[in-house]
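Remarks on the structure that follows.
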Amino acid sequence: MGILINADTKAIVQGITGKQGSYHTKLMLDYGTKIVAGVVPGKGGTVANGVPVYDTVKETVEAYSPTASIIFVPAPFAQDTVLEAITNKIKTIVVVTEHMPIKDTINVMAYANQSKVTIIGPNTPGKITPGQCKLGIMPVNIFKPGSIGLVSRSGTLTYEIAAGLTAKGLGQSTCVGVGGDPIVGLNFIEALELFKEDTRTKAVVLIGEIGGNMEELTAEYIAKKHYPKPVVAYVAGRFAPLGKHMGHVGAIIMGKQGNAQSKIEAFTNAKVKVAEKPSDMPMFLVKALSP
Amino acid sequence: MNLSEYEAKQEFSKHNISIPNGTLVTKSNQTAQALANLKPPYTVKAQVLVGGRGKAGGIISAKSKKEAEEATVKLLGARIRGLLVKQVLIEEKLPIRKELYLGITIDRFNRSYVALASATGGVEIEEIASKTPKAIIRTLIDSQSGLRYFHSIAIAKQLGYSGNQLVKLSTIIQKLYQVCIDNDAELVEINPLAETETGDFVALDARMVIDDNALFRHPEYAAKETEALSSQEVLALKNNLTYVKLEGDIGVVGNGAGLVMATLDLLNFFGGKPANFLDLGGGATIEAIAAALQIVFAEPDTKVILVNVLGGITHCDDVARGIVEAAKEAEVKKPLVVRLVGANQQEGQKILADAGISVLDSMEEAAKQAVEITRGAQP
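Shown next, in the form of structure tokens:
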């Protein structure tokens with residue numbers, strides 16, 4: 001099955017004619033994702049990658065009843081585009097857009113919460129259910145179907161760890177990037193809730209990084225709720241300097257809050273094993289899964 | 292981007308938050324004129340963007356014009372925690388009764404803005420938080436209603452004020468929120484906010500951090516973005532690269548913040564010391580990749596350069612072309628350790644092989660090899 005979307009999910013692409021939008025639409029179609037329509041204001045009536053393009057999300061809802069959208073528009077237009085998807089009650093919205101202003105993100109999240117829709121991102125590589133479908137930009141050859149759920153704040157580091165799992169025969173149920181920004185929609189705790197209900201998922205990998213307190217709160221949740229599946233973690237940024245932006249706007253540490261040590265301690269206290277190197281992850285999982 | 296105290300205070304003043312009378316001085320010979328309109332005693336403050344400025348000698352109290360002049364001369368051109376002082380703010384020192392803390396920032400987990408207030412200001416908020424966590428009043432701000440007057444009244448009341456002062460302080464909290472929203476700030480802070488002996492409230496210090504991603508809406512700040520940067524940092528900014536200088540001797544270039552941080556961690560794990568953090572981002576062009584290599588080649592302390600790329604939107608052949616171009620043009624030759632896998636891997640590896648640069652498949656092997664080279668191993 002996988003979480004959030006599956007092989008039957010009908011999705012639209014907002015910003016389908018841009019460089020990234022058109023490139024990744026083709027790759028998603030090749031992987032088997034059901035992309036039913038694209039949306040670009042002013043380009044309604046045209047066709048992109050064999051997919052019909054509309055001016056508004058509303059028209060695609062009337063024609064196809066899509067339940068997911070993936071967004072590729074530039075940052076200055078992202079707020080408007082996400083709000084359009086929310087207004088039309090699209091249930092799962094993946095925001096690939098990087099560099100979205102934080103004020104816009106905060107505004108969008110409030111509306112999403114009120115409308116009970118799930119936002120993944122912004123600044124996310126998206127999600128993939130190997131062998132079924134992907135709503136995202138990740139290279140597909142490093143993934144294979146299996147029983148490991150993976151949730152991450154980073155793109156290429158996810159690929160690194162997923163490739164390591166695949167090489168050791170550990171396939172994945174679903175891999176989801178929550179996004180590298182300080183404020184994101186779906187968070188680790190919500191992803192863990194979804195993996196809990198997914199019968200195919202036998203263990204979960206969390207890939208965290210410095211900045212914010214999502215890892216600490218997740219560790220608290222795992223301990224408090226006696227999370228029923230094994231969870232292993234990796235935290236990037238053990239040696240990052242204090243108070244500096246490190247690429248992801250999210251990866252900034254202010255003083256002592258949100259540093260790697262605090263996160264590793266929190267996980268360890270919650271009995272979540274923390275891998276010191278990405279290459280340690282497969283061994284950790286094999287141990288966690290052995291009876 | 293961080294604004295200087297002076298810039299932040301200008302913004303506060305525009306929003307009618309009281310600040311002390313003061314003048315900005317950039318040359319010693321402007322001091323006398325600056326002091327002509329100000330009454331003693333004074334506070335003379337170096338305008339540098341660094342924490343613990345006061346403890347490092349960047350803030351000097353002066354009783355007379357003469358002392359203020361001496362302090363200004365002393366600070367201009369000095370270095371505070373390594374940063375050159377180019378501007379000094381001379382302010383009238385006010386008789387104060389009490390110092391408070393007020394701030395608006397981002398609450399990541401609750402996906403909203405949050406107002407922070409404390410009746411014990413003047414020190415770092417982290418210090419207040421760790422010593423007396425209950426002394427901080429946290430108010431989550433609903434994004435749809437915003438911070439309303441009644442919220443601010445509740446905060447001011449918890450800070451212990453009533454009557455006329457309750458109204459005055461609430462108004463300042465409201466204005467501070469407006470400064471935050473109008474400027475797309477990630478943080479606005481008044482620390483300390485002084486309660487003067489006349490019962491008024493004045494912002495003695497000011498901090499503002501503007502969201503870099505919102506600079507397209509604020510051309511006045513965007514124009515200043517490169518002012519405080521080194522030439523390497525400007526080159527990085529122009530090419531959409533994220534570059535942070537560190538202390539070690541291994542230059543690092545990679546794609547994706549998480550992967551680059553993991554690379555730094557691995558180097559440290561094997562006993563090496565990274566010279567920088569450099570993230571190419573997603574889908575970097577050949578020019579941007581060459582610029583990235585140029586930046587790390589130019590770091591004088593760097594003994595070896597480690598490139599760690601996992602191709603996806605970034606194409607390995609582009610990375611290889613960028614590396615070859617930069618290596619050709621580099622004035623000083625330095626050994627390169629390259630890990631290059633993913634999209635267009637074979638083509639990329641062939642381009643590097645033709646240029647005599649060997650390529651590894653594993654990031655761990657690459658990190659290990661880079662560390663060994665700094666210890667004298669032959670590349």
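Chains as they are written, first to last, in the working numbering: chain A, 1 to 291; chain B, 292 to 670.
C-beta: ideal position from N, C-alpha, C; glycine also.
Practice prompt. Would you verify that the beta carbon of M281 (chain A) is, or is not, closer than 8 angstroms to some beta carbon of chain B?
Written response: Chain B contact via Cβ: absent.
Practice prompt. Taking only the alpha-carbon atoms, compute the straight-line gap between G38 (chain A) and A7 (chain A) and give it to the nearest angstrom.
Written response: Approximately 18 angstroms, taken between the alpha carbons.
Practice prompt. Please list the partners that N107 (chain A) has in chain B, where partner means a Cβ-to-Cβ separation under 7 angstroms.
Written response: The answer, in chain order, is S434.
Practice prompt. Verify the contact flag: P483 (chain B), CB atom, against every heavy atom of the ligand SAM, threshold strictly below 7 angstroms.
Written response: Within the structure as shown, the ligand SAM is missing, as the structure has no ligands at all.
Worksheet item: Which runs of the beta strand (DSSP E) spanning at least 3 residues fall entirely within the region 33-107 of chain A, listed in chain order?
Response: Runs of the beta strand (DSSP E) inside the region 33-107 of chain A: 34-39, 51-54, 68-71, 92-95.
Item to complete: Check the Cβ of E427 (chain B) against every Cβ in chain A and list those closer than 7 angstroms, keeping chain order.
Response: Inspection of the sequence shows that residue 427 (chain B) is occupied by Ile rather than by Glu. Residues of chain A whose Cβ lies closer than 7 angstroms to the Cβ of I427 (chain B) do not exist, since the nearest Cβ in that chain is about 13 angstroms away.
Fill in: Coarse secondary structure for I501 (chain B), derived from DSSP in three states
I501 (chain B): strand per DSSP, three-state reduction.
Discussion item. Just to confirm the assignment: which complete alpha helix (DSSP H) runs, minimum length 4, are found wholly within the region 440-479 of chain B?
Written reply: Counting only runs of 4 or more, we get 440-449, 454-473.
Worksheet item: Which residues does DSSP pair with V544 (chain B) in a beta bridge?
Response: Note: V544 (chain B) sits in a beta bridge opposite B:V598.
Worksheet entry | Cβ-Cβ separation, V364 (chain B) to K336 (chain B) (assumed contact under 8 angstroms), whole Å | The pair is not a contact, with the Cβ atoms about 14 angstroms apart (cut-off 8 angstroms).
Worksheet entry | CB contact flag (G572 (chain B), A611 (chain B), <8 angstroms) | The answer is no: Cβ separation not under 8 angstroms.
Item to complete: Using a cut-off of 7 angstroms between C-beta atoms, extract the partners of Y404 (chain B) located in chain A.
Response: The contacting residues are I106.
Discussion item. Just checking: is the beta-carbon of E516 (chain B) within a distance shorter than 8 angstroms of some beta-carbon in chain A?
Written reply: Not one chain A Cβ lies under 8 angstroms of E516 (chain B).
Discussion item. Please confirm whether A240 (chain A) has its beta-carbon closer than 8 angstroms to some beta-carbon of chain B.
Written reply: Yes, contact with chain B.
Practice prompt. With distances taken Cα to Cα, identify the nearest neighbour of A406 (chain B) among B:L438, B:R388, B:G413, B:I419.
Written response: Ranking the options by Cα distance to A406 (chain B), first place goes to B:L438.
Fill in: Cβ shell of L194 (chain A) (< 6 angstroms), same chain only, five flanking positions each side left out
Residues of the same chain with a CB within less than 6 angstroms of the CB of L194 (chain A), apart from the 5 flanking positions on each side, are I3 in chain order.
Item to complete: Using a cut-off of 8 angstroms between C-beta atoms, extract the partners of E160 (chain A) located in chain B.
Response: Residues of chain B passing the Cβ test: L550, A553, L601, M654.
Worksheet item: DSSP beta-bridge partners for F588 (chain B)?
Response: Under DSSP, no beta-bridge partner is assigned to F588 (chain B).
Item to complete: Note down, in chain order, every chain B residue with its Cβ under 7 angstroms from the Cβ of L217 (chain A).
Response: Within chain B, the residues whose beta carbon sits less than 7 angstroms from that of L217 (chain A) are F400, listed in sequence order.
Practice prompt. Select from the region 470-486 of chain B all residues with a C-beta closer than 8 angstroms to any C-beta belonging to chain A, and list them in chain order.
Written response: Cβ contacts with chain A: I472, D475, E477.
Discussion item. Classify E296 (chain B): buried if its beta carbon has 16 or more other beta carbons within 10 angstroms, exposed otherwise.
Written reply: Burial state of E296 (chain B) is buried, judged by a 10 Å Cβ sphere holding 16 or more other Cβ atoms.
Worksheet item: How about S154 (chain A): is its C-beta nearer than 8 angstroms to some C-beta of chain B?
Response: Interface annotation, S154 (chain A): in contact with chain B, CB-CB separation under 8 angstroms.
Worksheet item: Quick one: what does DSSP say Y23 (chain A) is sitting in, helix, strand or coil?
Response: Secondary structure of Y23 (chain A) (DSSP, three-state): helix.
Fill in: V623 (chain B) (DSSP reduced to helix, strand or coil)
In this structure, DSSP gives V623 (chain B) a state outside helix and strand, which the three-state scheme calls coil.
Worksheet item: Which term fits P130 (chain A), buried or exposed, when burial requires 16 or more other beta carbons within 10 angstroms of its beta carbon?
Response: Label assigned to P130 (chain A): buried.
Worksheet item: Along the region 495-509 of chain B, what residues have a CB closer than 8 angstroms to any CB found in chain A?
Response: Taking 8 angstroms as the Cβ-Cβ cut-off against chain A, the residues of the region 495-509 of chain B that qualify are D502, D503, N504, A505, F507, R508.
Item to complete: Look up Y227 (chain A) in the DSSP assignment and say whether it is helix, strand or coil.
Response: Here Y227 (chain A) sits in coil by DSSP.
Discussion item. 8 angstroms is my cut-off, CB to CB: does K588 (chain B) come that close to chain A?
Written reply: One point to set straight first is that residue 588 (chain B) is Phe, not Lys, in the sequence displayed. No, no contact with chain A.
Discussion item. Can you pull the chain B neighbours of M292 (chain A), defined as C-beta to C-beta under 9 angstroms?
Written reply: The shown model of chain A, from 1 to 291, leaves out residue 292 (chain A), and the question about it has no answer.
Practice prompt. Quick one: list the residues of chain A neighbouring D491 (chain B), beta-carbon separation under 7 angstroms, in chain order.
Written response: Residues of chain A whose Cβ lies closer than 7 angstroms to the Cβ of D491 (chain B) do not exist; the shortest such Cβ separation is about 31 angstroms.
Worksheet item: Exposed or buried, D496 (chain B), counting other C-beta atoms within 10 Å across all chains shown (16 or more means buried)?
Response: D496 (chain B) comes out buried.
Worksheet item: By Cβ distance, which residues of its chain are closer than 8 angstroms to G562 (chain B), with the 5 residues on each side in sequence left out?
Response: V662.
Worksheet entry | DSSP three-state assignment for D398 (chain B), whether helix, strand or coil | Residue state, collapsed to three classes: strand.
Worksheet item: What's the gap between the Cα of T314 (chain B) and the Cα of E382 (chain B)?
Response: Linking T314 (chain B) to E382 (chain B) through their CA atoms gives a straight-line distance of about 7 angstroms.
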